[in-house]
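Worksheet: the structure to be examined is printed underneath.
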Amino acid sequence: MKEAYKIEIITEKRAIGQVIDIIEKYGVTGYSIIADVTGKGKRGIKHGDDLNDVFKNSMIITVCDNTEAENILKELRPFLQRISGICMVTEVKYLVQ
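Numbering (the numbering used here), first residue to last: 1186 to 1282.
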């Protein structure tokens, strides 16, 4: 097994492309996207039943090494403060093929 970091980012659907650009900028090519994430945060409840999907939340999940994670997180911090969102980081182990 290989040690790595799992980065989970929840942000507005309209910002997903920008988040992917940040992730890929540092060499991480794999990620998963979960659309229409609902829940409650400091800005209130996100129902996900808006008339359009511009302000719906989505989640991006990726796994990377320590250096990649540090670079991604350094760039994500100001981005999420500007756009809105949350980022969770977890140390993980995964099977390498």
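Even glycine gets a Cβ: it sits at the ideal position worked out from N, Cα and C.
- Beta-bridge analysis with DSSP links lysine 1187 to Tyr1279.
- Take glutamate 1188, set aside five residues on each side of it, and the residues of its chain with a beta-carbon closer than 6 Å to its own are Lys1278, in chain order.
- For the options Gln1266, Ser1269 and Val1213, the alpha carbon positioned closest to that of aspartate 1250 is the one of Val1213.
- Note that the C-beta distance between leucine 1280 and isoleucine 1207 is not below 9 Å.
- Lysine 1259 carries a helical assignment under DSSP once its states are collapsed to helix, strand and coil.
- Sixteen is the threshold: since fewer than 16 other Cβ atoms of the shown chains lie within 10 Å of the Cβ of alanine 1220, the residue is exposed.
- Pairing serine 1269 with isoleucine 1245 gives a Cβ-Cβ distance that is not under 9 Å.
- Within the model, the alpha-carbon separation for glutamate 1209 versus glutamine 1203 is close to 10 Å.
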